[in-house]
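All letters in the sequence shown, in the order written, are residues 502 to 708 by the working numbering.
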Amino acid sequence: MHNIVLFGPPGAGKGTQSQKLIAKYNLVHLSTGDLLRAQIAEGTELGLKAKKLMDEGLLVPDEVVIGMIGSALATNTQASGFIFDGFPRTTAQAESLDRLLARHHTTVACMIALEVGEEELVKRLLERGKTSGRPDDQDETKIRRRVTVYNTETAQVASYYAAQHKFHALNGIGEIETIFQQISALIDQHKAAQAEAPAAATNEVKA
Ligand code: AMP
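Next comes the structure, spelled out in structure tokens:
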């Protein structure tokens, strides 16, 4: 199994790149934002509670997203791997992901972070907001709050994976196809390392 965490602030291009990666590597895409929006669309109690926080650009509680990821892993036991998009967003979530994956006898192969500055993120998200229908993409104050929440609560998750030698950063500004090729090259390196030394779980691939 090959599991990748695609990381970066809102608007960095994680969703766009995930769509291309699932097609190329036959992975299951797990976006906690998408899972939460599905709950909102279904009008569940969880969705109603999450919506208030999401509309304000704040994180929903760890146990909510960890529970959703746990269920998704349990219902996709035949998957050849997962792309985690928008998860983990806190160190507690990262620790839970390790525990959940261990139950399925697998690990995170690598985290790939897409780096984009705040002004570009605001521009991209306001543009996306014209068609996405997402309230959190339509208001500059909320967008900037999401970026601040990323910087203060989420960015530290990179250190968690850096400590495991699994962290790689890429410039998220450029042609979608060029960035896709760069991500693919990293994944291919990890897959090759995993094939050579499965027990070492691909820790030592260089960016
Ligand atoms: P996204 O689609 O990843 O931009 O997520 C949209 C919103 O969903 C975020 O601003 C949070 O309110 C919520 N959300 C998504 N994933 C998580 C997560 N892993 N932890 C906490 N909140 C999340």
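Beta carbons are placed, not taken as given, at the ideal position from N, Cα and C, and that holds for glycine.
- For Glu697, the enclosing alpha helix (DSSP H) covers residues 677 to 697.
- Rounded to whole angstroms, the separation of the alpha carbons of Asp689 and Phe681 is 12 angstroms.
- Remark: the C-beta of Gly630 is outside contact range of the ligand AMP, defined as less than 8 angstroms to any heavy atom.
- Within 8 angstroms of the C-beta of Ala551 there is at least one heavy atom belonging to the ligand AMP.
- The beta carbon of Phe588 sits closer than 8 angstroms to at least one heavy atom of the ligand AMP.
- Within its own chain, the residues whose Cβ lies closer than 8 angstroms to the Cβ of Gly509, once the five positions on either side in sequence are excluded, are Lys515, Ala614, Leu615, Glu616, Val617, Gly673, listed in chain order.
- When Cβ pairs closer than 8 angstroms are counted between the two stretches, the segment 554 to 570 is seen to touch the segment 530 to 538, the count reaching three or more.
- Taking non-hydrogen atoms of the ligand AMP into account, the C-beta of Asp535 is found less than 8 angstroms away from one of them.
- Of the heavy atoms belonging to the ligand AMP, at least one sits nearer than 8 angstroms to the Cβ of Thr591.
- Secondary structure note for Asp586: it is in no alpha helix (DSSP H), and the uninterrupted beta strand (DSSP E) holding it is 583 to 586.
- With respect to Lys624, Gly558 sits apart: the two C-beta atoms are not nearer than 9 angstroms.
- If you look at Leu559, you'll find it isn't in any beta strand (DSSP E); DSSP assigns it neither H nor E.
- Only exposed fits Thr679, as fewer than 16 other CB atoms lie within 10 angstroms of its CB.
- The beta carbons of Gln695 and His503 sit closer together than 9 angstroms.
- Assigned with DSSP and collapsed to three states, Ala513 falls in coil, not helix or strand.
- Taking C-beta separations shorter than 7 angstroms and ignoring five residues to either side along the sequence, Arg604 has no partners in its chain.
- When DSSP states are grouped into helix, strand and coil, Val617 belongs to the coil group.
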